[in-house]
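Taken in sequence, the protein lines are chains A and B.
Going by the numbering used here, the first sequence opens with residue 24, and the numbers climb by one from there.
Going by the numbering used here, the second sequence opens with residue 24, and the numbers climb by one from there.
Working notes, structure below.
Protein chains: 2
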Amino acid sequence: MPKTLGKDSSCSIARALDALGDAWTILIIREALVSGATRFQEFQDALGIAPNVLAKRLAALVESRVMTRRAYRDAGVRSREEYILTEAGRGLSIVVAALSSWARTYRPSEEGTSPRFLTAAGSAPAQLAFIDERGSIVPPEDLVAVRTPDRERA
Amino acid sequence: MPKTLGKDSSCSIARALDALGDAWTILIIREALVSGATRFQEFQDALGIAPNVLAKRLAALVESRVMTRRAYRDAGVRSREEYILTEAGRGLSIVVAALSSWARTYRPSEEGTSPRFLTAAGSAPAQLAFIDERGSIVPPEDLVAVRTPDRERA
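Shown next, in the form of structure tokens:
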């Protein structure tokens, strides 16, 4: 894994970017989350990514424990490995949803598609939003940010 | 701006990544949002980023309308330009908050820091979360995603 970017290795955002690396990585995670892709060929077909780039990104995702390898075997061929999201990998749905929410607002497209999130239990729709203490939704543009030690958070 | 990564240019996540490009870009936006940085030297001091890389990333952020340039002049020196987040730039607080939320959960650090978001009006804390239709918070790991055309969304 590369050294944390920027001077400040205490920053949680820098820690996240260490695991996510680049744009292809997010699209690989999108395919795993949204299309349920697990096999090398599925990622390659869906993304049109060069095989050597895909192999490197998948290996980095395994190293950073966002994915794990699992053996599978189709009839008549040798055993292969597929790539399964870990709990940390499934937790990246918040990042995928945030990117998608921003692009729907500021990069709208007539033909656009986005993941829609449903609760695994009841299939009820869930949306990503900033909420204040009363549970009311606050638009992202209306917020200011201050730096806070993680241990001071609830 | 580079061509949309991946085969699927309709995807809102791919459109967001076109504007955000790489990890440095997110850290530049973090500095602008959290520390209020606007000047080249402020970004450079805070991030320890090479000047040529910083200049390229800031130019790309202006081109993608996430930042705008504004002239300023300190006493006794020639006029310079600073970089101000646009509304789309301030809207990226949702992406910064999502990265930070994921890292606090899956990459915890004793010495960690994160942005905390406050409503600009009342300084009340706001948190980013998935909420279901009744407004209850749902953990990101408990969600499944399905691909949906943007125009079908509320």
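Think of the CB as a built atom: it goes at the ideal place given N, C-alpha and C, for glycine as much as any other residue.
- In the three-state DSSP reduction, Asp45 of chain B falls in the coil class, being neither helix nor strand.
- Within the DSSP bridge table, the entry for Tyr106 of chain B names B:Arg92 as partners.
- Distance check between Ser124 of chain B and each of A:Gln67, A:Arg53 and A:Asp173 places A:Asp173 closest, using alpha-carbon atoms only.
- Under the three-pair Cβ rule at 8 Å, the segment 139–159 of chain B counts as touching the segment 143–162 of chain A.
- In the displayed model, Asp155 of chain A falls within a strand according to three-state DSSP.
- The secondary-structure analysis by DSSP pairs Ala168 of chain B across a beta bridge with A:Phe140.
- DSSP lists A:Phe153 as the bridge partner or partners of Val161 of chain A.
- Beta-bridge analysis with DSSP links Pro148 of chain A to A:Leu141.
- When C-beta distances to chain A are compared with 9 Å, the residues of the segment 116–135 of chain B below that value are Ser116, Ile117, Val118, Val119, Ala120, Ala121, Leu122, Ser123, Ser124, Trp125, Ala126, Arg127, Thr128, Tyr129, Arg130, Pro131, Ser132, Glu133, Glu134 and Gly135, in chain order.
- Residue-level contact by beta carbon holds for Gly158 of chain A and chain B, with a gap shorter than 8 Å.
- For Ile49 of chain A, the closest C-alpha among the options B:Ala78, B:Ala69, B:Ser33 and B:Gly44 is that of B:Gly44.
- Per the Cβ contact rule, the segment 121–137 of chain A is in contact with the segment 29–41 of chain B (3 or more Cβ pairs under 8 Å).
- With at least 16 other beta carbons inside 10 angstroms of its own, Val89 of chain A counts as buried.
- Taking a contact as a CB-CB distance under 8 Å, the pair Ala94 of chain B and Glu104 of chain B counts as one, their CB atoms being some 6 Å apart.
- Arg53 of chain A belongs to the set of residues whose beta carbon lies under 8 Å from a beta carbon in chain B.
- Listed along the chain, the chain A residues whose CB falls inside 8 Å of the CB of Ala83 of chain B amount to none; the nearest CB is some 13 Å away.
- Bounds of the alpha helix (DSSP H) holding Glu65 of chain B are Phe63 to Leu70.
- Chain-order list of chain A residues neighbouring Ile49 of chain B: Ile36 and Leu40, by C-beta distance under 7 Å.
- The C-beta separation of Ser87 of chain B from Arg96 of chain B comes to about 27 Å, leaving the pair out of contact by the 8 Å criterion.
- Interface with chain B (8 Å Cβ-Cβ cutoff): Ala94 of chain A is excluded.
- Of the other Cβ atoms in all chains shown, 16 or more fall within 10 Å of the Cβ of Ser116 of chain A; this residue is therefore buried.
- Residues of the segment 50–79 of chain B whose Cβ lies closer than 8 Å to any Cβ of chain A, in chain order: Leu50, Arg53, Leu56, Val57, Ser58, Ala69, Leu70, Gly71 and Ile72.
- Pairing Leu166 of chain A with Phe140 of chain B gives a Cβ-Cβ distance under 8 Å.
- By the Cβ neighbour-count rule, Pro131 of chain A is exposed, with fewer than 16 other Cβ atoms within 10 Å of its own.
- If you draw a straight line from the Cα of Ala73 of chain A to the Cα of Arg92 of chain A, it is about 20 Å long.
- Distance between Gly158 of chain B and Gly158 of chain A, taken at the CA atoms: about 7 Å.
- For Leu81 of chain B, the enclosing alpha helix (DSSP H) begins and ends at Pro74 to Glu86.
- By the neighbour-count criterion, in which 16 or more other beta carbons inside 10 Å mark a residue as buried, Ala147 of chain B falls on the exposed side.
- Take Ala149 of chain A, set aside five residues on each side of it, and the residues of its chain with a beta-carbon closer than 8 Å to its own are Phe140, Leu141 and Thr142, in chain order.
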